[in-house]
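A.B. asks:
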Amino acid sequence: MLPPAPESVGAARRFVTESLSGLPDDTLHTAALVVSELATNCVLHAGSEFRIRVEPGSARIRIEVSDSGGGNVRVRRPTPSEAHGRGLQIVDALADAWGTVIDPADGHKTVWFILTID
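1 is the number of the first residue of the sequence shown in the UniProt record's numbering; add one for each residue after it.
1. Would you check if the stretch 28–40 and the stretch 87–103 touch, i.e. whether three or more CB-CB distances between them fall below 8 Å?
2. Alpha carbon to alpha carbon, how far is VAL73 from ILE117? Give it in angstroms, no decimals.
3. What does the Cβ neighbour count give for GLY87, buried or exposed, with the cut at 16 atoms within 10 Å?
4. Could you check whether ILE52 and PHE15 sit closer than 8 Å to each other, using their CB atoms as the reference points?
5. Among LEU2, THR30 and LEU115, which one has its Cα closest to the Cα of ALA59?
6. Closest by CA to LEU44, which one among PRO80, GLU18, GLU7 and ARG77?
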């Protein structure tokens, strides 16, 4: 578990790139960027500890970011003057697929995404 602190975003990126070492650089950079956006959401919006799960495969990878914070996960359309609200747009643009699962037992949410290995 990572604490809801700014330095956890960098720790999440490092964890993912170390877990996927040996993959093409483009895939590593994309995975790190998407995880960075999701980890930032955990820190800024959920305000809760979070964990990262990496499922490597031969043709694709699946990564999950889970937290215990409430709230809905939705793509926003911020105005140019708004400082926040573009993270899930980045996830949507870079991931081959992504979604959200809420555990009905405890309310924990998981945002997952899939990347095809180039």
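From the three backbone atoms N, C-alpha and C, an ideal C-beta is built for every residue, glycine too.
C.D. replies: For this structure:
1. yes
2. 26 Å
3. By the C-beta density criterion, GLY87 is buried, having at least 16 other C-beta atoms within 10 angstroms.
4. yes
5. LEU115
6. GLU7
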